[in-house]
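J.: Sequential numbering of the sequence shown, starting at 246, is according to the UniProt record's numbering.
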Amino acid sequence: EKWPYRHYMQKEIYEQPTAIGETLKELIHPAYRTISIRQNSAGLDLATIEDITIVACGTSWHAGLVAKYWIEQLAHVPVQVDIASEYRYRASPMRKNGLMIVISQSGETADTLAAMRYAKQGGLQVLGVVNVPESSIDREADATLHTYAGPEIGVASTKAFTTQLTALACFALAMAKAKGVLDAKQEQGYVDELLQLPAKVEQVLIHDASLEAIARELMHANGFLFLGRGTCFPIALEGALKLKEISYIHAEGYAAGEMKHGPIALIDEDLPVVVVAPQNSLFDKVVSNVEEVKARGGRVLMITTQGQAAGRIPADYTIPVVPCGEFVAPILYVIPLQMLAYHIAVLKGTDVDQPRNLAKSVTVE
Ligand code: F6R
């Protein structure tokens with residue numbers, strides 16, 4: 246039942262504090278507050294893994310793109326991320342001590358399952374990140390990290406995505422520990438950031454009414470650009486996908502630094518630009534990218550850290566996000582984008598939970 250919500254998607258957006266909390270429960274030791282990812286009986290020896298390939302489709306692929314930044318930065322293990330339907334036909338060389346991470350909400354996506362079987366045949370160990378227990382991917386993977394989003398009914402993935410990110414963040418920490426490159430104090434810091442997430446997500450959800458008002462202003466645009474850097478680059482891709490699939494407005498996500506290599510030619514007052522810009526080491530670079538957009542008459546919505554001097558934010562609209570560590574920022578910053586897409590779709594009158602041409606579980610190739 247979706248009551249008191251109007252749509253399942255809206256309900257699922259609001260379930261994220263709980264879903265993330267439930268997922269963390271399985272990955273963080275309650276008393277010691279340390280990462281303790283339990284693997285199934287096949288057991289993976291993370292210390293021996295030298296190379297990681299992540300494979301998924303759609304929103305789950307975006308989760309994989311974020312995980313690449315985390316795993317490479319924290320554990321210093323090289324990661325490649327592939328779309329499942331590309332990987333399986335690409336004859337990518339498989340390293341001897343390689344791990345494949347397969348990310349799938351449903352655990353049944355045909356291309357993802359096929360890519361996984363192909364990798365297993367080639368000798369890779371496989372770790373699943375799966376929301377539906379006993380699904381094909383859960384059963385066939387050597388080990389699984391479960392996400393505890395609960396059933397996701399809206400076709401547009403929301404809580405499944407943020408719980409995938411939560412599980413992958415814990416995996417990156419576990420990998421770094423296994424490699425001996427994360428000390429106990431650093432681990433505590435990251436774990437604290439993760440444990441604060443459910444409360445911080447609540448503080449992002451309070452911007453719902455502001456996002457609805459902004460949606461009203463922007464809903465008539467024919468196209469959108471979403472920009473971000475670092476771990477917020479895949480979040481920009483995800484924001485664009487959410488908007489496309491439920492509002493049918495064309496949208497593209499770009500790495501902010503790529504603007505001047507082409508897409509800036511599109512900028513005018515009819516193409517809103519949504520910028521995902523937490524205040525972090527990359528913030529000043531993003532601001533200069535946004536100034537280039539403003540100089541060309543673009544309308545800018547900036548999702549950024551609250552409490553900054555207004556003069557520092559060159560935007561027409563701002564959503565101020567509660568301060569958080571750089572590590573967990575992508576998990577918080579995707580939420581305003583989910584709400585923006587939701588409100589634009591509702592205002593346009595599309596079928597939010599069952600967008601045209603889409604199915605919840607894509608079991609054909
Ligand atoms: C987008 C969306 C899809 C799925 C994709 C993979 O909102 O839901 O892009 O993410 O079809 O599905 P799973 O994760 O079930 O393999």
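Just so it is clear, CB atoms sit at the ideal spot from N, CA and C, and this is done for glycine as well.
Run the proximity test for V607: is its beta-carbon closer than 6 Å to any non-hydrogen atom belonging to the ligand F6R?
T.: Yes, the Cβ of V607 comes within 6 Å of a heavy atom of the ligand F6R.
J.: Suppose the cutoff is 6 Å on Cβ atoms and the five residues either side in sequence are ignored; what does the same chain contact list for S286 look like?
T.: With a pLDDT of only 44 at S286, under the threshold of 50, the placement of this residue in the model should not be trusted; the figure read from the coordinates follows. Counting only Cβ-Cβ distances below 6 Å, and skipping sequence neighbours, we find nothing.
J.: Assess contact between the region 324 to 332 and the region 582 to 595, defined as three or more Cβ pairs (one per stretch) separated by less than 8 Å. Is contact present?
T.: Counting Cβ pairs under 8 Å, fewer than three are found: no touch.
J.: Kindly indicate the opening and closing residues of the beta strand (DSSP E) around F572.
T.: Per DSSP, F572 belongs to no beta strand (DSSP E) and is neither H nor E.
J.: Taking just the CA atoms, how far does I451 sit from N534?
T.: Distance between the alpha carbons of N534 and I451: 28 Å.
J.: Take the Cβ of S526 as the centre, count every other Cβ of all protein chains shown within 10 Å, and call the residue buried at 16 or more, exposed below.
T.: When all chains shown are included, S526 counts as exposed.
J.: What are the partner residues of F478, as DSSP defines its beta bridges?
T.: According to DSSP, which records beta bridges pairwise, F478 is partnered with nothing at all.
J.: If the criterion is Cβ atoms closer than 7 Å, does the pair A405 and Q350 meet it?
T.: Yes, Cβ-Cβ distance for A405 and Q350 is below 7 Å.
J.: So the beta strand (DSSP E) V545 belongs to, where does it begin and stop?
T.: Taken as a continuous stretch (DSSP letters only), the beta strand (DSSP E) holding V545 covers V545 to T550.
J.: Which runs of the alpha helix (DSSP H), 4 residues or longer, sit entirely within the UniProt domain "SIS" (287 to 426)?
T.: Here the runs fully enclosed are 303 to 320, 329 to 332, 355 to 366, 381 to 385 and 404 to 423.
J.: Quick one, are the C-beta atoms of G468 and L516 less than 7 Å apart?
T.: Closer than 7 Å, so yes.
J.: For R557, which residues in the same chain have their Cβ closer than 6 Å to its Cβ, ignoring the five residues on either side in sequence?
T.: Once the five neighbours on either side are set aside, R557 has no close Cβ partner at all.
J.: Classify L603: buried if its beta carbon has 16 or more other beta carbons within 10 angstroms, exposed otherwise.
T.: Classification for L603: exposed.
J.: Tell me the DSSP bridge mates of T563?
T.: DSSP, once it has assigned bridges, lists M547 as partnering T563.
J.: Whole angstroms is fine: what's the gap from P559's alpha carbon to K539's?
T.: Using only the alpha carbons, I get a separation of about 7 Å.
J.: Measure the CB-CB distance between L291 and A417 and report whether it falls below 7 Å.
T.: Against a cut-off of 7 Å, the Cβ pair of A417 and L291 comes out as no contact.
J.: From G266 to L390, what does the alpha carbon distance come to, in whole angstroms?
T.: In a straight line, the C-alpha of G266 is about 15 Å away from that of L390.
J.: Beta-carbon within less than 8 Å of I509's beta-carbon, same chain only, minus the 5 sequence neighbours each way: which residues are those?
T.: E537, V538 and R541, listed in sequence order.
J.: Quick one, are the C-beta atoms of G343 and D296 less than 7 Å apart?
T.: In contact: G343 and D296 (Cβ atoms closer than 7 Å).
J.: Count the other CB atoms within 10 Å of the CB of R601; is the residue buried (16 or more) or exposed (fewer)?
T.: It counts as exposed.
J.: Could you have a look at A510 and say whether DSSP puts it in helix, strand or coil?
T.: Correct three-state label for A510: helix.
J.: Would you grab the beta carbon distance between I299 and I346 for me? Rounded to a whole angstrom, and I think it's under 8 Å.
T.: Contact holds; Cβ gap of about 5 Å.
J.: Can you name, in chain order, every residue of its own chain whose Cβ lies under 8 Å from the Cβ of A386, other than the five neighbours on each side?
T.: So the list reads V347, M361, V371, L372, G373 and V375, once near-sequence residues are dropped.
J.: Can you check which of these residues, W248, E246, K247 and H252, is closest to Q599 by C-alpha distance?
T.: Ranking W248, E246, K247 and H252 by Cα distance to Q599 puts H252 first.
J.: Determine the DSSP secondary structure at L472, reduced to helix, strand or coil.
T.: Strand.
J.: Looking at G373 and the ligand F6R, is the gap between the Cβ and the nearest heavy atom below 6 Å?
T.: Answer for G373: no, Cβ out of range of the ligand F6R.
J.: What I want to know is whether the C-beta of C302 ends up closer than 6 Å to one or more non-hydrogen atoms of the ligand F6R.
T.: Because some heavy atom of the ligand F6R lies under 6 Å away, the Cβ of C302 counts as near it: yes.
J.: Does the ligand F6R have even one heavy atom less than 6 Å from the beta-carbon of A412?
T.: For the ligand F6R, not one heavy atom lies less than 6 Å from the Cβ of A412.
J.: What are the start and end residues of the alpha helix (DSSP H) that includes G266?
T.: Per DSSP, G266 belongs to the alpha helix (DSSP H) from Q261 to K270.
J.: Cα separation between T595 and I491?
T.: Roughly 7 Å separates the two Cα atoms.
J.: Taking buried to mean at least 16 other C-beta atoms within 10 Å of its own C-beta, is A454 buried or exposed?
T.: The residue in question, A454, is exposed, as its Cβ has fewer than 16 Cβ neighbours within 10 Å.
J.: Quick check on E438: does DSSP put it in helix, strand or coil?
T.: The answer is helix: DSSP assigns E438 an H, G or I state.
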